[in-house]
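Since the structure comes first, as structure tokens, the remarks are kept for the end.
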Amino acid sequence: MVIQVQTSTYEAKTQEIAKQLLAATQENRSFLGSLRDQMRWDDKLLAWAMSNPGLRVQLFRFIDTLPALGSKPEIAAHLQEYLGDESVELPAALKGMLNFANPDSMPGQVAATTVSTAVETLAHKYISGENIKQVIKTVERLRKDKMAFTIDLLGEAVITEAEAQSYLERYLELMQQLVEASKNWSKIPAIDEADGEALPKVQVSVKLTAFYSQFDPLDAKGSEEKVSDRIRILLRRAKELGASVHFDMEQYAYKDLTLNILQKLLLEDEFRQRTDVGMTIQAYLRDSYEDTKKLIAWLQQRGYPLTIRLVKGAYWDQETIKAEQKHWPQPVYNDKAATDANFEAITQLLLENHQYVYAAIGSHNVRSQAVAIAIAESLNVPRRNFEMQVLYGMGDKLAKALVDQGYRVRVYCPYGELLPGMAYLIRRLLENTANSSFLRQNLENRPIEELLARPEVDLAHAKASQCVGRVPRLVATGAQSRGEEGGFFGAADTDYAEVEEIRIAAEAFKAVRGELGKTYLPLIDGEYVETSESVDSLNPSNFSEVVGKVGLMSVEQAQAAMRAAKAAFPGWRKTPVKERAGVLRKAADLMEVRRAELSAWIVLEVGKPVKEADAEVSEAIDFCRYYAEEMERLDAGVVYDVAGETNRYIYQPRGIAVVISPWNFPLAIACGMTVAALVAGNCTLLKPAETSSVITAKLTEILIEAGIPKGVFQYVPGKGSQVGAYLVNHPDTHIIAFTGSQEVGCRIYAEAATLKPGQKHMKRVIAEMGGKNAIIVDESADLDQAVVGVVQSAFGYSGQKCSACSRVIVVQPIYEAFVRRLVEATKSLNIGEAELPSTQVGPVIDANARDRILEYIEKGKAEAQLALALPAPEHGYFIGPVIFSEVAPDAIIAQQEIFGPVLAVTKVKDFTEALAVANGTNYALTGGLYSRTPSHIQQAQEDFEIGNLYINRNITGAIVARQPFGGFKLSGVGSKAGGPDYLLQFLEPRTITENIQRQGFAPIEGAE
């Protein structure tokens, strides 16, 4: 459907109303010109940001950092670092102000004072007060102008249960004080009543996710229970006080769960008749029109109207980026015209159903408000049933014009301290300064016809164009080219915000549980063979549950496997690369089909929580597709021809590869090492860790179904000390790909270096051997982001990832605040069986691991302060997260890899010391930095000794072809997995030169 046809009935009236409103809002002269004539720095900053995209980015980054900066020299230094960037073309006035030699100098302090004051003034334009007293003054001023209000509490992100409880209590206090103040307010008919009905003078707006720190669509039931308990308290108190409550909408991932929780709650007998409650619809979402239709149908069934606030949406950049990173369909419209058209369509839908719903039209776009008025007047919608809404500090003139024409206007007033309010401020500044912003276009005096033009968009077509990002093919220059055709395309993780995906996962668990306890045998030369010995693989969440029985092969059977590999090698070596790559692509497709089942096996066999298990399946799929693509690239070779001579640089397989895979990424790492060896033309024997041999048996089934020839791939479970040692030392082994402990890795490296009788080659060892990974948090860090990132990195999969954070190094000025929030955030985690959707921290792998970790905890108690030790269930191999504070850099728990949920926090005086402490171990795998200081970020990039550095994000979850993974020092040897050099380790390069001259004659290109 082309949406403008629907609203064309109202177009003439819309244009007439819009022109009246526009005339009331427009300035007599150029906005930018008038700003430049003024001397107020806040106005100047905004004007410069509008006219200079480079300055806009850096200025907003500086503003984001500003609240964390504790002194004028710090502010001056950051001003220079951000605005002195080469990408920024500075206006003369700003350039002059920043031309100081030293941040401590008087000019530096003047610059700091000027800019921070200007930013504070800007913040006060959009934030209605820093405390309740200021807010009451603001709303009293609004009421004098005949405007109603709704108050939104700004604050730190809710990442702890203590903060969620505090959020509720602060709203209860806010309502109490506003209602108390309202007793002295005289009645204003325009906003305090409509059609003879009294309206609540006080309204608050709340966010559902702030009522529960672990709010998660995957755990819909748990989230609903926790949130609903707190909402009931809020709604009961609001009724007692006579205040109304409106529920905001947040990120797309939370939308369906938010609507479901509210609909269920508002059908309860206690709340069914309430009409003083509201919900929100975001028009930039592609499914918002359908959501509105469903809400109206639900309200018809409910029998009592509620308010639906219609807004465009405030998280467009975030939603777009997340979808592209996750390879998910875009949930938002990709252009503003489509959002505007959808907004008008939903406006019409709401107003045409005014008997069931009160519409609140939230927009600063004159046309959007005019459409609403035109429809409302044409349909004679009662004044009670619709109102206009604007944000505080935006659209002030529009609000006044609407009030003057007799419409009810409500101003959305955020309040709170400037520090947590800065993220809100930046969203408003981005909105105000964007080229597509109606406010900006109006201020720039664009032609009326352009400003008020009907959005001409085919929404059905716009809905379909849900593009996602593609990782491009690597070209010979080493550069990355972006082409729509060809190239590696990453697998999309499951989106558990989709109810259907949760149902599929539940079905998979049911099916897998029906398969538990089966026997899995070694695969030798295409046949499964019986063994005299077997081992039970147990569910670490419940060690009485046997996941499967695994046959352990003997050394004699390992000999047979080596013979089969040797016999199969000549044929596999000569199999065309396209055919070998085809096997990998087929395997990837089969994994995609069996994704939910494979995730369930991972959860049950190694105790990995559901989302992380699903991401591991994605990684395995990505390895197959990426290495297939890479081998085809390498197969083309390199041409170095000169006149009279051809020169070809090509690759050939090495021979037989032994893959020794770990239990912590039982599918992804086993698959990645195996398929890399196979696609390069090597015959491969996979020896998995004993505790994860069922999952590698499933990988074996997939490779067989994908068409791997017999003898080319063999599944060889067995004891490491026997079968593993035999394969490593075998003279026909060419490559050993290992992931595991440093102790075993070093032993393999030493044994592989010894030439065995009959061995005619040097063995290639690829070994990933763990880390003692540190995250540095400096004084400019966003603590919300840093605490969440550290908690995820340290306690995700119970700290059992090679990349897990086991040390956090914090500078002294923020140390106490950081540790306090870190402890509270960790306390809020759910510990339990990996299968449960609420679980964030599951078990450790087995009894040996549990006992070893407990020994380290005892050592930690002797050398540091125990800040937190959470209790854990007893029916599995559980250890609750443990945090030690005041840990010395050379303490055992700060130096040795523990591989469990134990985190050491070290205090340092400054960033230089932090970097020295971070580099002070034998490992160099992963590390992180939370900082908003450009020079610190630059220094970390140059001097932080690690293979994978993550800045301002968690340090786990490397993605194939995005963050190739691997380290150096004693963290490992070899090229990074999932990167452009990885396959080279499985290949021998050759150069072939041919003289093509005959009797002095050679073909010369271009000659006749």
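If you read the sequence shown in the numbering used here, its first letter stands for residue 539, the second for the next number, and so on.
Glycine is no exception: its CB is placed at the ideal position from the N, C-alpha and C atoms.
Note that the structure is predicted; figures quoted are calculated from it, not measured.
Given a cut-off of 7 Å, decide if residue j and residue i are closer than it, judged by their beta-carbon atoms.
i            : j            : result
residue 853  : residue 1061 : no
residue 563  : residue 935  : yes
residue 1381 : residue 1078 : yes
residue 682  : residue 647  : no
residue 955  : residue 711  : no
residue 830  : residue 917  : no
residue 1105 : residue 1249 : yes
residue 1469 : residue 1316 : yes
residue 1214 : residue 1264 : no
residue 781  : residue 815  : no
residue 765  : residue 776  : no
residue 623  : residue 920  : no
residue 1144 : residue 1230 : yes
Could you tell me whether any non-hydrogen atom of the ligand MG is closer than 6 Å to the CB of residue i?
i            : result
residue 1251 : Absence of the ligand MG from the depicted structure is noted, as is the absence of any ligand whatsoever, leaving it without description.
Rank the options by C-alpha distance to the C-alpha of residue i and give the top, closest one.
i            : options                : result
residue 608  : 1358, 1515, 1318, 1482 : 1318
residue 690  : 713, 1220, 701, 700    : 713
residue 808  : 798, 774, 1088         : 774
residue 1277 : 1270, 1285, 1271       : 1285
residue 793  : 768, 745, 839          : 745
residue 1121 : 625, 1444, 994, 1240   : 1240
residue 1070 : 1256, 905, 1162, 665   : 1256
residue 1204 : 1170, 1137, 1179, 1460 : 1137
residue 892  : 1453, 833, 944         : 833
residue 1108 : 1247, 1094, 1169, 1039 : 1247
residue 1114 : 1218, 1258, 738        : 1218
residue 614  : 650, 605, 823          : 650
residue 1073 : 1098, 654, 1056, 1063  : 1056
residue 964  : 795, 636, 602, 825     : 602
residue 788  : 753, 1129, 760, 763    : 753
For the beta strand (DSSP E) that residue i lies in, which residues bound it at each end?
i            : result
residue 1162 : Looking at the DSSP string, residue 1162 is not in any beta strand (DSSP E); the run it does join, the alpha helix (DSSP H), is 1148-1173.
residue 1426 : Looking at the DSSP string, residue 1426 is not in any beta strand (DSSP E), and its letter there is neither H nor E.
residue 688  : 686-691
residue 1348 : 1343-1349
residue 1473 : Premise fails: residue 1473 lies in the alpha helix (DSSP H), 1472-1481, not in any beta strand (DSSP E).
residue 1224 : 1221-1225
By the 10 Å Cβ neighbour count, where 16 or more other Cβ atoms means buried, how is residue i classified, buried or exposed?
i            : result
residue 729  : buried
residue 1300 : exposed
residue 1021 : Because residue 1021 carries a pLDDT of 35, less than 50, the predicted location of this residue cannot be relied on, and no value is offered for it.
residue 1329 : buried
residue 907  : buried
residue 810  : exposed
residue 596  : buried
residue 1435 : buried
residue 1493 : buried
residue 1311 : buried
Residues in its own chain within less than 7 Å of residue i by CB, not counting five upstream and five downstream?
i            : result
residue 1200 : 1207, 1227, 1277, 1278
residue 1103 : 1194, 1221, 1223, 1249, 1252
residue 524  : Lying outside 539 to 1546, the shown extent of the chain, residue 524 is not represented and no answer is given.
residue 1519 : 1513
residue 1302 : 1192, 1272, 1273, 1523
Excluding the 5 residues preceding and the 5 following residue i in the sequence, name in chain order all residues of the same chain whose CB lies nearer than 6 Å to its CB.
i            : result
residue 665  : 952, 959
residue 687  : 677, 680, 949, 951
residue 1151 : 1137, 1140, 1141
residue 1442 : 1345, 1422, 1425, 1431, 1432
residue 1477 : none
residue 1196 : 1223, 1265, 1271, 1274
residue 993  : 875, 878, 879
residue 779  : 713, 717
residue 626  : 592, 593, 596
If we define contact as Cβ-Cβ less than 7 Å, is residue i a contact residue for chain C?
i           : result
residue 753 : The chain inventory of the structure shown lacks chain C, comprising one protein chain alone.
The alpha helix (DSSP H) that contains residue i, what's its start and end?
i           : result
residue 595 : 591-603
residue 760 : 758-779
residue 842 : That residue, residue 842, is in no alpha helix (DSSP H); it is neither H nor E in DSSP.
Using C-beta distances below 8 Å, list every residue in its chain close to residue i, excluding the 5 sequence neighbours before and after it, in chain order.
i            : result
residue 1363 : 697, 698, 751, 1325, 1326, 1329
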